[in-house]
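Anchor point for the sequence shown: position 301 equals 1335 in the working numbering, and the numbering is continuous, going up by one each time. Note that the Cβ used here is the ideal one computed from N, Cα and C, for glycine as well. Below is one structure, written out as structure tokens, with a few remarks after it.
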Amino acid sequence: MESALRTMNSKPRLMSFTSTTCALVFIAIFVSRLFLLMSAGGSVPFWDQWGGENSIFSAFENGSLTLAQMIAPHNEHRIFWTRVITVFLFELNDHQWDNQIEALISNIIYSLSLTVPVLIASVTGQKHQAIAVAAAVTLMGILPFGWENTLVGFQSQFYINTLLAFFAITVSSFGGARYRTASCLTILILASFASMANGVLTAFTCAGVLIARGLTQRDLLTRGLMLAAFVTLLGIAGFIITPSPPYHAQLKAQDFSEATSALMITSSWPLFPGIGQLVLLVPAAFWMLIVGRNRQTQADYFFLGLNALGMLNAVAIAYSRGHDLAEVTSRYTDTILPSSIATIYFASRLIGSGVHGISTPFIAYGSYIAVVFGIFGQSYLQWPKLEERAYWLRMSTINTAKFLNGDDEAFKAKPHGHVPYPDPIQLGKSLRNDGQIESLPTSLLGARALSGRYPATARRCHVASDSKNHFARVIANCSKSTASDPNVVSIATGPLSTALMLFRQEADTSIFPRGKPISAPASSANRCALDAFNEQPTSRLPLTSSIDLPIKLSGWATPTRFNLYKLSWTELRVIFSNDAQAYVFETGHLRTNRPDVADFFKNKGYTYSGFDAYIDPRDLMPGIYHILLSTDTDLNCDTGHVVKINAPTIPFSRF
1035 MESALRTMNS KPRLMSFTST TCALVFIAIF VSRLFLLMSA GGSVPFWDQW
1085 GGENSIFSAF ENGSLTLAQM IAPHNEHRIF WTRVITVFLF ELNDHQWDNQ
1135 IEALISNIIY SLSLTVPVLI ASVTGQKHQA IAVAAAVTLM GILPFGWENT
1185 LVGFQSQFYI NTLLAFFAIT VSSFGGARYR TASCLTILIL ASFASMANGV
1235 LTAFTCAGVL IARGLTQRDL LTRGLMLAAF VTLLGIAGFI ITPSPPYHAQ
1285 LKAQDFSEAT SALMITSSWP LFPGIGQLVL LVPAAFWMLI VGRNRQTQAD
1335 YFFLGLNALG MLNAVAIAYS RGHDLAEVTS RYTDTILPSS IATIYFASRL
1385 IGSGVHGIST PFIAYGSYIA VVFGIFGQSY LQWPKLEERA YWLRMSTINT
1435 AKFLNGDDEA FKAKPHGHVP YPDPIQLGKS LRNDGQIESL PTSLLGARAL
1485 SGRYPATARR CHVASDSKNH FARVIANCSK STASDPNVVS IATGPLSTAL
1535 MLFRQEADTS IFPRGKPISA PASSANRCAL DAFNEQPTSR LPLTSSIDLP
1585 IKLSGWATPT RFNLYKLSWT ELRVIFSNDA QAYVFETGHL RTNRPDVADF
1635 FKNKGYTYSG FDAYIDPRDL MPGIYHILLS TDTDLNCDTG HVVKINAPTI
1685 PFSRF
């Protein structure tokens, strides 16, 4: 009786702990991703998004959208759920296209999916184990190693597939091998097929979980194996109907050796090949086969399924993208991440197992620490690529805005990424379609609005900006049209886009370092050079930019006394200085390989003296600035270049 009362009293406490833990994990992950989106993202569609969504929106607007179009392949994927979400948001936003709205919902989906393993660990495990899993999963959700899927709403298929896979593995782990379980699995697996090509792996993962359960739970053996065979057949059918575009053949591993090399890289992420496989596989095997062989739980099978899902995705990436593969690109890291989550869980299981000795604690603590440090390391290495993409988004936004206003040169002879689509000619034809203008993001329409060629849309909010303050702020009015003022530029904007623009303005964040006022710096005899300004040679004078645009600086500077490979201490500081004020931008510790500089000075210490630095000049006043570099707080090198920073001339482009 007393035992029953204790159990009844413990259930509310358990549910309270579980709900609190899951809520905190969700909030932490979503808020961090929201601020990353506000700091580095943009409303303009990027690359595949133009081709993948534009035709759907056009068909939706003219009433010709069909189910066949919704399930039609995009490359090798069927992205039905992504299209459903984008069309729904397009309608809610008064038929205005906005990548940030899509990315916001996409990140809500992923934040929810990452709470699933936390929920399983919290409900079924001890409190210390749940906390260990929750802490690690929160870090995995916050750190920006998978930034590409975070910033691009069109990539929601990755997150939708993850959520569906986690639900399907949960059903396989906790459900009985009966009709209800089979029906639920069938629905989830078919839904996964409609999310992206990797959805077929959900079926094979669930089959593996069912087989593992059947081998240890004798009452499930026959029915479990039958259900496993059924979902395997579903997976095979899904694989057969998955499109395989001929132009993707060049992306695949070309032979067995290349496939093996690629698999060593993908299956070890986030660690190095060889070590990574041990860290990601040994804890699960050690628990399931040795330490926990006689005390396995349904949660163990769930996390075993996560481990299998991550490894199957590693195999798929090695095969389909294995040609010349040197690293796991950002967009694919989220598909491999489940193996790291599973490793964290099994490490916590081993820690709480009560088994003494050397091997168990070594495997448990070693794998937990290795995965956490690996995730940090991958995020640090991805940071320059994240900055580069954020820079491209801003430059492509301003170039597209100029093109829409009639500047045909805006897309010509531009560096890679400065136009938001790989085929500028095709994009130009699409943008010159007057019927599409109203559906484009507000950030692209500022130049047209200045010239009075933007058509009003009565049902939308009105977002306005004043040229007298250099378009520094926006105001919104969703109840009536803005008052006529020759200095004010107003654009009819969808309600969701309006809300995000105002939020981004108040957040006032940037992924790029911003200038901090300092006293006038003195230059020294340090060596440095500025080779490129905004990806153009500095020999092309004059150097000019605008307060509302990030700046990319490339060159080299005297190495510091303490450096390790690409890491340099102290960090590189960029200084913009004139007679009125000086600003310092702390641009980080990563340096680039410059063997030409090392050869010139006949000094190997200059091998990693190069840099690609991004800065945000929004806090500067318009004017002409000298550009200085420093790798030491007391020594500044004058590059010999000056830059003219102008006031913004196109409103809304930073949104």
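- Remark: fewer than three beta-carbon pairs, one from each stretch, lie closer than 8 Å, so the segment 1255 to 1269 and the segment 1315 to 1325 are not flagged as touching.
- Annotation for D1457: no beta strand (DSSP E) segment contains it, and DSSP assigns it neither H nor E.
- Under the three-state reduction of DSSP, D1613 is assigned to coil, being neither helix nor strand.
- Note that the C-beta distance between S1077 and D1132 is below 8 Å.
- Per DSSP, the continuous alpha helix (DSSP H) segment holding G1411 begins and ends at 1393 to 1438.
- With contacts defined as CB atoms closer than 8 Å, A1296 and L1359 qualify as a contacting pair.
- Taken through DSSP and simplified to helix, strand or coil, G1589 comes out as strand.
- When the Cα atoms are used, R1493 and F1537 turn out to be separated by approximately 21 Å.
- In this chain, the alpha helix (DSSP H) harbouring L1148 covers 1133 to 1158.
- For H1675, the uninterrupted beta strand (DSSP E) run begins and ends at 1669 to 1680, by DSSP.
- Looking at the DSSP output, V1618 sits in a beta bridge with K1550, I1609.
- In this structure A1398 touches L1384 by the C-beta definition: roughly 4 Å separates them, less than 8 Å.
- L1177 and F1410 have their C-alpha atoms spaced approximately 7 Å apart.
- For H1496, the enclosing beta strand (DSSP E) covers residues 1495 to 1500.
- Here the alpha carbon of M1260 sits roughly 10 Å from the alpha carbon of A1241.
- For F1567, the uninterrupted beta strand (DSSP E) segment begins and ends at 1562 to 1567.
- As a beta-bridge residue in DSSP terms, L1624 pairs with L1601.
- Here M1655 is exposed, its C-beta having fewer than 16 other C-beta atoms within 10 Å.
- Rounded to the nearest whole angstrom, the C-alpha separation of F1124 and N1680 is 35 Å.
- Per the C-alpha coordinates, the member of G1440, N1568, F1445 positioned closest to L1479 is G1440.
- The beta carbon of L1197 sits closer than 7 Å to the beta carbons of I1143, L1146, S1147 from its chain, once the five residues preceding and following it are set aside; these are given in chain order.
- Taking the Cα of W1084 as reference, the smallest distance to any Cα among P1458, P1571, G1388 is reached at P1458.
- At the C-beta level, P1685 and P1454 stay beyond 8 Å of one another.
- Along the length of the segment 1525 to 1549, whole alpha helix (DSSP H) runs at least 4 residues long occupy 1529 to 1541, reported in chain order.
- Distance from the CA atom of V1121 to the CA atom of I1063, rounded to whole angstroms, is 26 Å.
- Here W1590 is not near S1664, since their CB atoms are 8 Å or more apart.
- With respect to the C-alpha of P1418, the residue from F1645, V1186, K1678 having the closest C-alpha is F1645.
- With respect to the C-alpha of L1438, the residue from Y1402, P1475, G1451, P1456 having the closest C-alpha is P1475.
- Distances from the CA of F1689 to each of R1247, V1150, A1435, C1218 were compared; the closest alpha carbon is that of A1435.
- Annotation for C1056: T1149, V1152, L1153 place their beta carbon closer than 6 Å to its own, counting only its chain and skipping 5 residues before and after.
- In the pairwise beta carbon analysis, the segment 1349 to 1356 is classified as not touching the segment 1236 to 1254: fewer than three pairs are separated by under 8 Å.
- Exposed is the label assigned to H1450, since fewer than 16 other Cβ atoms lie within 10 Å of its Cβ.
- CA-to-CA, the gap between H1282 and F1290 works out to about 17 Å.
- Counting of Cβ neighbours within 10 angstroms places V1234 among the buried residues, the total reaching 16 or more.
- As a beta-bridge residue in DSSP terms, F1645 pairs with G1589.
- For Y1640, the closest of R1257, H1111, N1560 by C-alpha to C-alpha distance is N1560.
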